[in-house]
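In the numbering used here, the protein residues as written are 5 to 84. Here the structure is laid out as structure tokens; the discussion comes afterwards.
Here it is, written out as structure tokens:
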């Protein structure tokens, strides 16, 4: 399965899950020893090449083949 990330419609990252250091089941099993995982939880595992800064207003789309996709916008900074 492939993992992709696009910013404002431009693909920035693309990788294969098989290239990860640990398999997805191994990651879930290890995290489950310490945390109760629930539907909707996100697990961030690091990043393939293509890292770049995001700016307020950017639209991000991440997808994992055969799993699903997530899209969100980057908001501006707020002063307290």
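Glycine included, each C-beta is placed from N, C-alpha and C at the ideal position.
- For residue 14, the enclosing beta strand (DSSP E) covers residues 14–20.
- Note on residue 46: under 16 other CB atoms within 10 angstroms of its CB, so exposed under the neighbour-count rule.
- When DSSP states are grouped into helix, strand and coil, residue 36 belongs to the helix group.
- Cβ neighbours of residue 17 within its own chain (closer than 6 Å, five residues either side excluded): 9, 52, 54.
- Spanning the alpha carbons of residue 39 and residue 12 requires a straight line of approximately 34 Å.
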